[in-house]
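Participant: One structure, pasted below without further comment.
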DNA sequence: CTGAAAGCGCTTACAG
DNA sequence: CTGAAAGCGCTTACAG
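Protein chains in written order, with my numbering: chain C, 8 to 346; chain F, 8 to 346.
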């Protein structure tokens with residue numbers, strides 16, 4: 008394998024010093040325009056690429072961001088919540104637009120991720136993605152701050168959780184759902200989704216939903232983690248109960264709603280004729296279910312951009328603050344309100 | 008921000024030389040076990056991490072793999088074929104298991120990706136993922152080989168395409184579908200999916216399907232690229248035609264089948280009672296459609312492992328060869344054959 | 001088993 | 001505008 012060309016090789020060919028080559032390739036205005044062009048041409052001919060390791064070592068930054076995905080530990084090994092995959096896509100694009108590379112890693116909460124990337128100078132900052140119990144890693148977040156690591160977290164801003172976060176306005180999303188269903192005459196509701204402290208996103212959605220209900224409306228709440236199976240099980244409990252079915256079932260996540268729809272379908276219960284169903288997230292599948300799922304969209308494109316943008320601010324020691332992104336109701340067939 | 012500890016800092020604290028620190032941290036047997044322990048303890052206390060840039064520069068390898076995702080240029084900006092996202096997950100895990108980091112990038116076919124990663128020493132090798140016209144980048148692949156870049160490609164092995172590839176046994180997958188449907192009495196088929204040279208995967212699936220058909224069976228073929236819309240359009244053409252509907256519709260990809268199902272549903276045509284539908288890929292959605300979709304599974308976990316494993320072999324200058332991974336029929340409701 | 005020294009390929013003050 | 005020199009933080013022959 009032929010020796011890869013270095014800046015010194017180019018210097019020889021161009022008849023200038025190695026420092027001038029470096030300057031020319033970095034488009035420094037200090038270098039005479041003709042020299043610059045010449046050097047750049049030779050570099051192009053040789054397929055020369057700056058050695059990032061050397062460059063990063065010298066510059067003390069990597070132009071790389073590390074994305075840590077926390078998988079829901081309950082999910083099947085081969086599956087990742089489609090919502091996070093959509094986020095991954097948008098983060099990748101946002102990084103590319105800013106000239107940053109993206110290192111991706113799946114992490115479990117136990118491992119030593121706080122050190123692995125930024126401390127080793129492989130990345131200038133971290134993005135944390137994944138729902139779940141932020142308390143489990145609150146300690147690590149605190150430690151990260153102390154080490155002045157640059158971190159941006161996706162999720163609900165939580166008072167006790169240190170660090171900046173970017174998240175969706177879950178409360179207003181929940182409100183939109185309530186308002187929409189009420190205006191179409193629904194009064195008896197079931198909300199499916201955990202609302203314990205481990206699920207701050209679901210808490211927000213529930214809170215928004217409940218506070219927006221009118222006095223004459225009633226509701227019950229059933230626990231379910233963010234999986235199809237949990238949704239199916241909750242729907243089953245609903246059907247087994249003594250009480251008649253509610254008018255509308257509001258699910259804290261689309262993936263739960265998918266399980267609910269499947270269970271209702273099996274039982275021969277028509278959606279939306281006999282009961283309306285609404286989800287949250289607007290994952291790709293939501294448009295494809297039968298009936299298609301009314302849900303709340305989180306703008307993943309904007310989310311990825313905001314995360315990257317704020318992380319870069321932090322890296323450059325600029326002030327940043329929490330952001331809430333708007334949540335938009337997407338009306339489809341499953342709520343029976345489509346024109 | 009406090010200066011990050013270096014090996015020299017540890018050397019001072021441990022009272023040994025910097026070279027010994029380096030050796031100890033790399034668990035070299037050359038270092039006295041007591042010294043090794045001591046150094047490692049001090050390093051742990053300081054949260055010391057080896058500077059990857061320096062280490063990589065010196066070692067001339069990065070322990071990093073770059074994954075280049077070629078998006079289907081026809082797909083919506085925010086969507087990525089769920090199949091590739093599943094692959095991403097499995098590749099990520101496989102890399103982690105081997106102690107490699109993964110750099111992810113979305114590339115369009117025009118850009119200068121062949122140089123960006125390995126030439127700049129950011130990655131030791133590349134994985135190419137994405138269907139589409141391999142001819143469009145065959146030239147680049149050739150160039151990569153000449154530069155001795157280490158590349159592994161996901162997709163059908165193609166005679167004219169240089170370089171090693173790992174792919175699914177599309178032909179045998181197509182055969183399984185034909186065999187299954189025939190044995191359940193279906194005789195009149197439609198195959199939906201492009202079979203031009205731009206879609207070698209689809210070609211393989213079609214080829215397997217057709218060659219396995221019995222003499223009394225008939226079939227037509229309709230073009231469709233790998234999107235839901237294209238599937239919907241093809242189904243519409245089928246229904247608009249003068250001929251009666253076939254017994255069974257075989258789709259070259261699940262995402263096409265999802266579009267077909269939606270269109271049939273809208274037209275009031277019952278699946279599988281009036282027509283059977285089969286897909287290919289076993290994306291997550293396939294289990295969730297109504298009716299659930301019979302399809303062929305590509306083992307993404309194994310695929311990711313094989314890709315990474317072979318790439319590492321190539322990086323270490325070991326011989327590698329093309330691999331075909333088995334394709335497994337998954338029988339669900341949409342073919343009407345479920346027990 | 002350990003240390004002093006070289007060198008990976010850059011970037012960037014410093015001097016001219 | 002250009003060059004000679006230092007140095008980023010490691011790893012690894014080399015010498016002992």
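Built from N, CA and C at the ideal position, the CB exists for glycine as well.
Is the Cβ of residue 15 (chain F) closer than 7 Å to any Cβ of chain C?
Facilitator: no
Participant: Per DSSP, what kind of secondary structure is residue 42 (chain F) in: helix, strand or coil?
Facilitator: Note: residue 42 (chain F) maps to helix in three-state DSSP.
Participant: Report yes if the CB atom of residue 216 (chain F) is closer than 7 Å to the CB atom of residue 253 (chain F), and no otherwise.
Facilitator: no
Participant: According to DSSP, is residue 276 (chain C) helix, strand or coil?
Facilitator: coil
Participant: Tell me the DSSP secondary structure of residue 194 (chain C) in three-state form.
Facilitator: Three-state DSSP puts residue 194 (chain C) in coil, outside helix and strand.
Participant: Reducing DSSP to helix, strand and coil, say where residue 257 (chain C) ends up.
Facilitator: DSSP places residue 257 (chain C) in strand when its eight states are reduced to three.
Participant: Let me check understanding here. Comparing Cα to Cα, which of C:325, C:331, C:320 lies closest to residue 105 (chain C)?
Facilitator: C:320
Participant: When DSSP builds the beta bridges, which residues end up paired with residue 160 (chain F)?
Facilitator: F:135, F:172
Participant: Throw me the rounded Cβ distance for the residue 314 (chain F) and residue 173 (chain F) pair, which I believe falls under 8 Å.
Facilitator: 5 Å
Participant: Nearest to residue 233 (chain F) by CA position, among F:295, F:209, F:219, is which residue?
Facilitator: F:209
Participant: Could you check where the beta strand (DSSP E) with residue 287 (chain C) kicks off and where it finishes?
Facilitator: That residue, residue 287 (chain C), is in no beta strand (DSSP E); it is neither H nor E in DSSP.
Participant: Distance, Cα to Cα, residue 274 (chain F) vs residue 70 (chain C)?
Facilitator: 53 Å
Participant: Residues in its own chain within less than 7 Å of residue 345 (chain C) by CB, not counting five upstream and five downstream?
Facilitator: 338, 339
Participant: Assuming residue 304 (chain C) is part of the beta strand (DSSP E), what are its boundary residues?
Facilitator: 302-305
Participant: Between the Cα of residue 55 (chain C) and the Cα atoms of C:40, C:37, C:16, which residue gives the shortest distance?
Facilitator: C:16
Participant: What does a CB cutoff of less than 8 Å around residue 239 (chain F) pick up in its chain, not counting 5 residues either side in sequence?
Facilitator: 266, 267, 269, 270
Participant: Would you please verify whether the beta carbon of residue 47 (chain F) is less than 7 Å from any beta carbon of chain C?
Facilitator: No, residue 47 (chain F) does not count as interfacial toward chain C.
Participant: Find the nearest neighbour of residue 309 (chain C) within the set C:53, C:94, C:37, judged by alpha-carbon distance.
Facilitator: C:94
Participant: According to the neighbour-count rule (16 or more other Cβ atoms, all chains shown, within 10 Å of its Cβ), is residue 66 (chain F) buried or exposed?
Facilitator: exposed
Participant: Any beta carbon of chain F sitting closer than 7 Å to that of residue 80 (chain C)?
Facilitator: A caution first: residue 80 (chain C) carries a pLDDT of 48, below 50, which makes its placement in the model unreliable, though a value can still be read off. Chain F contact via Cβ: absent.
Participant: List the residues of chain F that residue 61 (chain C) touches, going by C-beta distances under 7 Å, in chain order.
Facilitator: 64
Participant: Within its chain, find whatever has a CB closer than 7 Å to the CB of residue 287 (chain C); leave out the 5 residues flanking it on each side and keep chain order.
Facilitator: 180, 212, 258, 259, 260, 261, 302, 303
Participant: Within its chain, find whatever has a CB closer than 7 Å to the CB of residue 190 (chain F); leave out the 5 residues flanking it on each side and keep chain order.
Facilitator: none
Participant: Using beta carbons (cut-off 7 Å, strictly below), is residue 270 (chain C) in contact with chain F?
Facilitator: no
Participant: Closest to residue 318 (chain F) by CA distance: which of F:22, F:51, F:35, F:134 is it?
Facilitator: Comparing C-alpha distances from residue 318 (chain F) to each of F:22, F:51, F:35, F:134 shows the shortest one belongs to F:134.
Participant: Contact criterion: CB-CB distance below 7 Å. Does residue 127 (chain C) meet it with respect to chain F?
Facilitator: Residue 127 (chain C) counts as touching chain F.
Participant: Out of curiosity, what's the CA-to-CA distance linking residue 25 (chain C) and residue 18 (chain C)?
Facilitator: 5 Å
Participant: Rank C:295, C:127, C:182 by C-alpha distance to the C-alpha of residue 334 (chain C) and give the top, closest one.
Facilitator: C:182
Participant: Between the Cα of residue 231 (chain C) and those of C:222, C:325, C:30, C:206, spot the shortest distance and give me the residue it belongs to.
Facilitator: C:206
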